[in-house]
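In the numbering used here, the protein residues as written are 710 to 1025.
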Amino acid sequence: MTTAPSGSTTPTDWTDMTSTDAPTTERPAAAAPQDASAREIDVRVDRASGRYLPEVPTPVIECTDVDIFYGQFRAVHGVSLVYGKNEITAMIGPSGCGKSTVLRSLNRMNDLITGARVTGKITYHGQDIYGSDVDPIEVRRRIGMVFQKPNPFPKSIYDNIAYGPRVTGMKVSSMDDLVEESLRGAALWDEVKDKLKQSAYGLSGGQQQRLCIARTIAVRPEVILMDEPCSSLDPIATARIEDLMEDLRKDFTIIIVTHNMQQAARVADRTAFFTAKAAEGTGDRTGQLVEYDLTSKIFSNPADRRTEDYISGRFG
Ligand SMILES: Nc1ncnc2c1ncn2[C@@H]1O[C@H](COP(=O)(O)OP(=O)(O)O)[C@@H](O)[C@H]1O
Ligand SMILES: [Mg+2]
């Protein structure tokens, strides 16, 4: 890939999310991770399964004992997970086990759902993303998201890309260059360079999804969350997105939810397997992390019987 985010607008300090204007290396005291309660929890152990988590060389996002509620309903319980820099981490598991819920909690997208609530701790470079002084808009700029169904804006191809940089007030020396760089980064430039002013709706589904990826990288995030990004695409368009992910991981950290196990096996460095368990009393099915490891290990020699049953197609 030719389009490593570069140039003067690239933020180099990922540690502070309180302001886009004045990056600082000083962390606000309230969000510092060194408080006593954080130290009591061993992030290397998943509370639900009691298992040790694999070492991740350079953690970017860390979830510690995370529960996620919709109103009274606890959709996810006791998840601890570490997502590594420039890695592709896949989250797999049967429908309803909380994969999208966990994914949305990583960039505070759940804030937009009435009644959604997160407990436990989610940090980004050590900073609590739910800290009172953290700007959720800034969290979502650094941790971008691509959805299941391509959702381009009803605008031109060019304006789809330029929109994010414009509304976030990004200082851009040449918008044309940024649009080109983003489209090249999403492996779409050659297909659209002669029709940048045409509506994004004229593109095929696979092209629209790559446009959405280009739109996401235009604001130069560090992390890209993808929620079943290929579920509406044909196999050829899917293969193009998978190839693109492999290119993108050089510059970005990717976290993908997929119900396609082969996809996880093909693209992901590490895989987290979730399942939903009926809670005692209420019968509500609550999502839990069963096992998290290198993808090769999950698919060849899983530690948990439930993982083995799932990957061998015995349930789910
Ligand atoms: N916006 C919401 N409001 C209430 N419940 C929700 C909402 N989104 C998801 N849920 C519930 O949370 C659980 C986990 O859902 P989800 O994260 O979408 O699972 P998955 O992505 O693994 O299929 C399910 O029981 C689902 O019905
Ligand atoms: Mg989902």
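We put the CB at the ideal spot given by N, CA and C, even for glycine. Please read these numbers as outputs of a predicted model, since none were measured by experiment.
Residue i and residue j closer than 9 Å at C-beta
i, j, result
"arginine 849", "arginine 817", "yes"
"alanine 973", "threonine 947", "no"
"proline 938", "isoleucine 964", "no"
"isoleucine 770", "threonine 962", "yes"
"glycine 1022", "valine 788", "no"
"glutamine 917", "proline 861", "yes"
"leucine 790", "leucine 998", "yes"
"isoleucine 852", "valine 932", "yes"
"isoleucine 1002", "arginine 979", "With the sequence shown as reference, residue 1002 is identified as aspartate, and isoleucine is not the correct amino acid for it. Yes, these two residues count as a Cβ contact at 9 Å."
"threonine 823", "valine 775", "no"
"proline 766", "tyrosine 792", "no"
"valine 1020", "alanine 927", "In the sequence as displayed, the identity of residue 1020 is isoleucine instead of valine. Cβ atoms of isoleucine 1020 and alanine 927: not closer than 9 Å."
"arginine 994", "lysine 986", "yes"
"glycine 914", "aspartate 943", "yes"
"threonine 773", "lysine 830", "yes"
"valine 855", "methionine 726", "no"
"phenylalanine 1008", "methionine 800", "no"
"arginine 826", "phenylalanine 778", "yes"
"proline 953", "arginine 919", "In the sequence as presented, proline is not what sits at residue 953; that position holds leucine. Going by C-beta atoms, leucine 953 is nearer than 9 Å to arginine 919."
"tyrosine 872", "lysine 906", "no"
"asparagine 795", "arginine 958", "yes"
"serine 804", "lysine 858", "no"
"proline 874", "serine 908", "no"
"asparagine 819", "threonine 832", "no"
"lysine 902", "glutamate 889", "yes"
"aspartate 960", "glycine 894", "yes"
"alanine 981", "arginine 783", "no"
For residue i, the residue or residues it bridges with in DSSP
i, result
"alanine 799", "Ile965, Thr980"
"aspartate 1002", "Thr980"
"aspartate 776", "Thr828"
"glutamine 836", "Tyr833"
"glutamate 771", "Val791, Thr832"
"isoleucine 852", "Val932"
Secondary structure of residue i, DSSP reduced to three states
i, result
"valine 928", "coil"
"alanine 738", "Residue placement at alanine 738 is poorly supported in this model, since its pLDDT is 36, which falls under 50; the coordinates still yield a value, given next. In this structure, alanine 738 counts as helix in the three-state DSSP scheme."
"methionine 726", "coil"
"leucine 934", "strand"
"arginine 994", "strand"
"alanine 985", "strand"
"threonine 947", "helix"
"serine 908", "strand"
"lysine 863", "Reading off the sequence, residue 863 comes out as proline, not lysine. Of the three classes helix, strand and coil, the one that applies to proline 863 here is coil, per DSSP."
"proline 1011", "coil"
"threonine 718", "Note on threonine 718: pLDDT 42, under 50, position unreliable in the model; the coordinate value appears next. Note: threonine 718 maps to coil in three-state DSSP."
"aspartate 844", "coil"
"cysteine 939", "coil"
"glutamate 764", "coil"
"glycine 922", "With the sequence shown as reference, residue 922 is identified as isoleucine, and glycine is not the correct amino acid for it. Isoleucine 922: helix per DSSP, three-state reduction."
"methionine 954", "helix"
"glycine 914", "helix"
"arginine 975", "helix"
"methionine 970", "helix"
"aspartate 960", "coil"
"methionine 818", "helix"
Range covered by the beta strand (DSSP E) that runs through residue i
i, result
"valine 876", "Per DSSP, valine 876 belongs to no beta strand (DSSP E); it is in the alpha helix (DSSP H), 866 to 876."
"leucine 790", "782 to 793"
Residue span of the alpha helix (DSSP H) that contains residue i, given as start and end
i, result
"methionine 884", "884 to 894"
"aspartate 1018", "1014 to 1020"
"lysine 808", "808 to 814"
"glutamate 900", "898 to 901"
request  = Can you list the residues near ligand 1, meaning Cβ strictly closer than 5 Å to any non-hydrogen atom, in the order they appear in the chain?
outcome  = Tyr779, Ala784, Ser804, Gly805, Cys806, Gly807, Lys808, Ser809, Thr810, Ile822
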